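Asks:
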Amino acid sequence: EAAVTQSPRNKVAVTGGKVTLSCNQTNNHNNMYWYRQDTGHGLRLIHYSYGAGSTEKGDIPDGYKASRPSQENFSLILELATPSQTSVYFCASGEFSLSNERLFFGHGTKLSVL
Amino acid sequence: AQSVTQPDARVTVSEGASLQLRCKYSSSVTPYLFWYVQYPRQGLQLLLKYYSGDPVVQGVNGFEAEFSKSNSSFHLRKASVHWSDSAVYFCAVTPYNNRIFFGDGTQLVVKP
Numbered sequence: 004e005a006a007v008t009q010s011p012r013n014k015v016a017v018t019g020g021k022v023t024l025s026c027n028q029t030n031n032h033n034n035m036y037w038y039r040q041d042t043g044h045g046l047r048l049i050h051y052s053y054g055a056g057s058t059e060k061g062d063i064p065d066g067y068k069a070s071r072p073s074q075e076n077f078s079l080i081l082e083l084a085t086p087s088q089t090s091v092y093f094c095a096s097g098e099f100s101l102s103n104e105r106l107f108f109g110h111g112t113k114l115s116v117l
Numbered sequence: 008a009q010s011v012t013q014p015d016a017r018v019t020v021s022e023g024a025s026l027q028l029r030c031k032y033s034s035s036v037t038p039y040l041f042w043y044v045q046y047p048r049q050g051l052q053l054l055l056k057y058y059s060g061d062p063v064v065q066g067v068n069g070f071e072a073e074f075s076k077s078n079s080s081f082h083l084r085k086a087s088v089h090w091s092d093s094a095v096y097f098c099a100v101t102p103y104n105n106r107i108f109f110g111d112g113t114q115l116v117v118k119p
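Protein sequences, first through last, are from chains A and B.
According to our numbering, the first sequence is numbered sequentially starting from 4.
According to our numbering, the second sequence is numbered sequentially starting from 8.
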């Protein structure tokens with residue numbers, strides 16, 4: 004079964020601090036995604052990537068940066084964390100070939116910005 | 008533009024009862040459609056997906072969904088729910104562009 008691993012599982016940060024959320028996939032998927040999940044908003048796409056070295060803005064990229072240094076790793080960076088970024092963050096990997104669209108999700112990172 | 012609407016934020020049913028979770032989508036093309044399930048403190052897992060052909064698709068654990076192009080809907084059904092089905096269910100669509108758009112989710116509570 005495809006595997007997506009996120010670290011850390013829980014993070015408490017201070018306002019104005021830098022936060023890095025890491026994601027590793029062993030699926031050899033080209034595409035990777037960062038979502039945040041908030042009550043009443045479902046999953047919202049922050050950044051995504053088509054492969055090593057590429058990052059694309061999703062629907063809510065403001066305040067976030069992304070880095071894809073390799074096929075396996077995709078990081079989400081909050082340079083100046085704010086309380087409004089308190090949320091649960093999910094990383095996913097996937098492929099979109101004919102009849103094979105599917106995302107594999109990590110277990111999530113709960114981030115609290117105080 | 009693509010969007011997904013799940014009109015019911017929370018659905019409560021008794022164990023053994025039938026279930027329908029509603030999903031409406033908006034898309035400029037007939038998209039691929041999905042239902043995902045999220046158990047507490049876990050990521051989403053795929054339940055079933057629809058590409059084309061028979062509008063009724065079968066998924067895991069007895070779930071099925073029916074696609075209706077005329078109604079732009081993709082409702083999820085189960086004939087008899089179990090307490091372990093309690094979770095949050097997400098409907099999602101992709102217009103073939105490497106992105107998936109999710110609805111806000113429906114929390115299913117199964118009463119014993």
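From the three backbone atoms N, C-alpha and C, an ideal C-beta is built for every residue, glycine too.
Remember, predicted model here, so these are calculated numbers, not experimental data.
(1) Buried or exposed for A:Ser96, going by 16 or more other Cβ atoms inside 10 Å?
(2) Verify the CB distance criterion: does B:Glu17 have a CB-CB separation below 8 Å to chain A?
(3) Counting only Cβ pairs nearer than 7 Å, list the residues of chain A close to B:Asp111.
(4) Taking 8 Å as the cut-off, decide whether the C-beta atoms of B:Val44 and B:Lys56 are in contact.
(5) Rounding to the nearest angstrom, what Cα-Cα distance links A:Tyr53 and A:Asp41 in this structure?
(6) State yes or no: is the beta carbon of B:Gln27 nearer than 8 Å to at least one beta carbon in chain A?
(7) Measure the alpha-carbon distance for B:Ala94 versus A:Leu83 and round it to whole angstroms.
(8) Quick check: is the beta carbon of A:Leu106 nearer than 8 Å to any beta carbon in chain B?
(9) Quick check: what's the CA-CA separation for A:Asn76 versus A:Ser90?
(10) Could you pull out every unbroken beta strand (DSSP E) segment of at least 3 residues lying fully inside the stretch 16–71 of chain A, listed in chain order?
(11) What residue ranges within the stretch 81–106 of chain B form continuous alpha helix (DSSP H) runs of no fewer than 4 residues, ordered along the chain?
(12) Taking B:Lys31 as part of the beta strand (DSSP E), name the residues at either end of that continuous run.
(13) Starting from A:Leu83, follow the beta strand (DSSP E) in both directions and report where the run begins and ends.
(14) Distance cutoff 8 Å, beta carbons only. Does A:Gly56 sit that close to anything in chain B?
(15) Any beta-carbon of chain B closer than 8 Å to the one on A:Leu48?
(16) Which chain B residues sit within Cβ distance under 7 Å of A:His32?
(17) By alpha-carbon positions, which one of A:Leu24, A:Leu106, A:Leu114 ends up nearest to B:Leu54?
(18) Once you ignore the five residues that flank A:Ser25 on each side, which residues in its own chain have a CB closer than 6 Å to its CB?
(19) Can you tell me where the beta strand (DSSP E) holding B:Gln9 begins and where it ends?
(20) Please report the Cβ distance between A:Leu48 and A:Gly61, rounded to the nearest whole angstrom; I am assuming they are in contact, meaning their Cβ atoms lie under 8 Å.
(21) Skipping 5 residues on each side, what residues in its chain have a beta carbon closer than 7 Å to that of B:Phe74?
(22) Below 8 Å between beta carbons: does that hold for B:Gln49 and B:Asp111?
Replies: Considering the structure as presented:
(1) The residue given as residue 96 of chain A occupies position 93 in the first sequence. It counts as buried.
(2) Counting from 1 along the second sequence, the entry for residue 17 of chain B is found at position 10. The amino acid occupying residue 17 of chain B in the given sequence is Arg; Glu does not appear at that position. Taking Cβ atoms only, chain A never reaches closer than 8 Å to B:Arg17, which makes this a no.
(3) Within the second sequence, the letter at position 104 stands for residue 111 of chain B. Ordered by position in chain A, the residues that pass the 7 Å Cβ test against B:Asp111 are Gly43, His44, Gly45.
(4) Numbered from its first residue, the second sequence carries residue 44 of chain B at position 37. Numbered from its first residue, the second sequence carries residue 56 of chain B at position 49. The answer is no: Cβ separation not under 8 Å.
(5) Taking the first sequence and counting its residues from 1, the one referred to as residue 53 of chain A is at position 50. Taking the first sequence and counting its residues from 1, the one referred to as residue 41 of chain A is at position 38. When rounded, the distance between both Cα atoms is 25 Å.
(6) Stepping through the second sequence from its first residue, residue 27 of chain B is reached at position 20. Chain A, which has no Cβ nearer than 8 Å to the Cβ of B:Gln27, makes this no.
(7) By one-based count along the second sequence, residue 94 of chain B stands at place 87. By one-based count along the first sequence, residue 83 of chain A stands at place 80. Going from the Cα of B:Ala94 to the Cα of A:Leu83 covers about 34 Å.
(8) Working through the first sequence from its first residue, we reach residue 106 of chain A at position 103. Yes, contact with chain B.
(9) Counted from its first residue, the first sequence places residue 76 of chain A at position 73. Counted from its first residue, the first sequence places residue 90 of chain A at position 87. Each residue's Cα considered, the two are about 21 Å apart.
(10) 22–28, 34–41, 45–52, 68–70
(11) none
(12) Position 24 of the second sequence, counted from the start, is the residue given in the question as residue 31 of chain B. Start and end: 31–33.
(13) Here the question's residue 83 of chain A lines up with position 80 in the first sequence. Note, A:Leu83: premise wrong, no beta strand (DSSP E); not H, not E.
(14) In the first sequence, counting from the first residue as 1, residue 56 of chain A sits at position 53. Taking Cβ atoms only, chain B never reaches closer than 8 Å to A:Gly56, which makes this a no.
(15) Within the first sequence, the letter at position 45 stands for residue 48 of chain A. Yes, its Cβ sits closer than 8 Å to a Cβ of chain B.
(16) As a working mapping, residue 32 of chain A is identified with position 29 in the first sequence. None at all; the shortest Cβ gap to chain B is about 11 Å.
(17) On the second sequence, position 47 is the one that residue 54 of chain B refers to. Of A:Leu24, A:Leu106, A:Leu114, the residue nearest in Cα terms is A:Leu106.
(18) As a working note, residue 25 of chain A is residue 22 in the first sequence. Answer for A:Ser25: Ser10, Ser78, listed in chain order.
(19) The count along the second sequence starts at 1 and reaches residue 9 of chain B at position 2. From DSSP, B:Gln9 is part of no beta strand (DSSP E); its letter is neither H nor E.
(20) What you label residue 48 of chain A is simply residue 45 of the first sequence in a count that begins at 1. What you label residue 61 of chain A is simply residue 58 of the first sequence in a count that begins at 1. Right, their Cβ atoms sit about 3 Å apart.
(21) By 1-based counting over the second sequence, the position of residue 74 of chain B is 67. Only Leu40, Tyr57, Pro62, Phe81 meet the Cβ criterion.
(22) Mapped onto the second sequence, residue 49 of chain B falls at position 42. Mapped onto the second sequence, residue 111 of chain B falls at position 104. Result no, Cβ atoms of B:Gln49 and B:Asp111 do not sit closer than 8 Å.
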